[in-house]
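**Q**
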Amino acid sequence: MITHLLDALQLQLRTRADDIALIVPVGDSPRSFSWQQLGRMIASVAGSLEFVWRDQSTIPRRLGHASDNSLADVLIALASIVNAAVEVPIDHRLEAAEIESRWNRMGGHWLAPQQRDELIAKALAAASDRQPLISLADFNEPAGRSRRDPDRPSLVLWTSGTTGNP
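One rule links them: number in my numbering = place in the sequence shown (from 1) + 13.
(1) Have a look at residue 82 and residue 15 and give me their C-alpha separation to the nearest angstrom.
(2) Are there any heavy atoms of the ligand PLP lying less than 6 Å away from the beta-carbon of residue 97, as far as the coordinates show?
(3) On the criterion of 16 or more Cβ atoms from any shown chain inside 10 Å, does residue 129 qualify as buried, or is it exposed?
(4) Three-state secondary structure (DSSP) at residue 95?
(5) Within the continuous beta strand (DSSP E) that includes residue 36, where are the two ends?
(6) Tell me the residue span of the beta strand (DSSP E) that contains residue 3.
(7) Considering Cα atoms alone, identify which of 115, 66, 135, 32 is closest to residue 102.
(8) Anyone know if the C-beta pair for residue 62 and residue 51 falls short of 7 Å?
(9) Which residue wins for smallest C-alpha separation from residue 20, given the options 112, 95, 118?
(10) My output table needs one value for residue 55: the three-state DSSP class, helix, strand or coil.
(11) Excluding five sequence neighbours on each side, which residues of the same chain lie with their C-beta closer than 7 Å to the C-beta of residue 18?
(12) How about residue 135 and residue 57: do their beta carbons lie closer than 7 Å?
(13) Among all the DSSP beta bridges, which residues are the ones paired with residue 104?
(14) Can you check DSSP and say which residues form a bridge with residue 168?
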């Protein structure tokens, strides 16, 4: 029974591995990725991000990044779910002071642009890997957290009404 987005993703990885899962611009042209490739990219990003919380265990499991409606946003969103982290995407078009103000209200780990670019480059390389994909369900559960709890928050989405004073 599918009760969580990760369950649905795992089903697609098992039953439709070679089917197209995603078509996105990469560089100057569109590129398609199979479910298996998408799974490898998510696993790559999730594995890299898990080290953030291992190395900084006192910070909240929240991941902030400048969102630009790209492949990176898809991978970071899904990897955050795999890592039982709350994703906090903030529109990259906002002024730096506004981005900083929003992030300061949240706390956690801010994914710097260079770090984000490195994660995505590594993920794109993983998409071409021919090694068997480990199950996304095989990632270790964070202490005291369940990835499978469909009622656990996983996203803070800023809207135009959330920045002003009430």
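The C-beta atom is built at its ideal place from N, Cα and C for all residues, glycine as well.
**A** Let me spell this out:
(1) 27 Å
(2) With respect to the ligand PLP, the structure offers nothing, as it holds no ligand at all.
(3) buried
(4) helix
(5) 33-39
(6) Past the boundaries of the shown model lies residue 3; the chain is included only from 14 to 179, so the question cannot be answered.
(7) 115
(8) no
(9) 95
(10) helix
(11) 94
(12) yes
(13) 80
(14) 100
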